[in-house]
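Below: the structure, in structure tokens.
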């Protein structure tokens, strides 16, 4: 996380990271896109994730089993 943030800051670069680690998202991202089944369900700034009102994003960031995302067996 620190290396990515350092490179972005020092070089003025843009970085795209794919992760399920929400602590990393909060540490390095400015903007977030949430994908589910190949469809962008939500996009916005990190600061709006917790109050997005999006059921997919809410279930994912809080690690809930209940919600629109179903476990694949």
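In my numbering, the protein residues as written are 560 to 632.
Each residue gets a CB set at the ideal place from its N, CA and C atoms; glycine is no exception.
The structure presented is a predicted model; accordingly, all values stated were derived computationally and were not measured.
In this chain, residue 631 is not harboured by any beta strand (DSSP E), its DSSP state being neither H nor E. Under DSSP, residue 599 forms a beta bridge with 594. Between the alpha carbons of residue 583 and residue 611 lies a distance of about 19 angstroms.
Rounded to whole angstroms, residue 597 and residue 576 show a C-alpha spacing of 16 angstroms. Its Cα nearest to that of residue 595, the residue 613 stands out among 586, 613, 589 and 609. Apart from sequence neighbours up to five positions away, the residues of its chain that approach residue 626 with a beta-carbon distance below 6 angstroms are 614 and 618, ordered along the chain. Residue 571 has its alpha-carbon roughly 42 angstroms from the corresponding atom of residue 632.
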